[in-house]
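Quick notes on the structure that follows.
Numbering (the numbering used here), first residue to last: 518 to 668.
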């Protein structure tokens with residue numbers, strides 16, 4: 518699954534780190550379908566008969582693009598890994614002529630975006646709660662909890 522920025526959107530969804538699997542997992546499909554249902558992305562097939570889907574619209578990217586153990590990455594992003602997201606933010610600024618609107622996918626991503634806001638050049642976050650966030654719940658998170666909406 519690949520997401521391509523369409524050149525005009527200033528919205529960027531940031532997930533924690535790439536999947537290590539060759540096949541997209543359930544969370545990937547949930548996010549893609551939610552973005553598609555809300556008109557934020559469109560499916561594009563690059564070649565006739567291609568079964569690999571590209572989504573065009575808002576950018577969905579990963580906060581951590583370096584190899585390493587997931588537990589370490591959740592605590593602290595290696596300094597040289599931030600440059601990749603910085604470059605993507607610069608491209609969004611240049612193409613859309615606007616400051617990127619960043620939405621964190623998950624709590625760990627939200628916390629790390631807030632922690633590294635100065636290195637990323639994001640000045641709008643005054644508190645952790647200012648970082649927009651969405652959750653992709655799995656069964657283990659809401660199992661047995663009566664007030665959790667199930668989608």
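For glycine and all other residues, C-beta sits at the position ideal for the given N, C-alpha and C.
- Query: Of all Cβ atoms in chain B, is any one closer than 7 angstroms to the Cβ of residue 636?
  - Reply: Looking at the structure shown, chain B is missing, and only one protein chain is on hand.
- Starting from residue 572, trace the beta strand (DSSP E) both ways and give me its first and last residue. 571 to 574
- Message: In the DSSP output, which residue or residues are listed as bridge partners for residue 578?
- Response: 531
- In terms of DSSP beta bridges, what is residue 621 paired with? 531, 650
- For the beta strand (DSSP E) holding residue 614, just list the boundary residues, first then last. Element bounds for residue 614: n/a, residue is neither H nor E.
- Item | Nearest neighbour of residue 596, chosen from 571, 629, 615, 620 [CA to CA] | 629
- Task: In the DSSP assignment, find the alpha helix (DSSP H) that holds residue 634 and state where it starts and stops.
- Result: 634 to 637
- Under 7 angstroms between the Cβ atoms of residue 608 and residue 617? no
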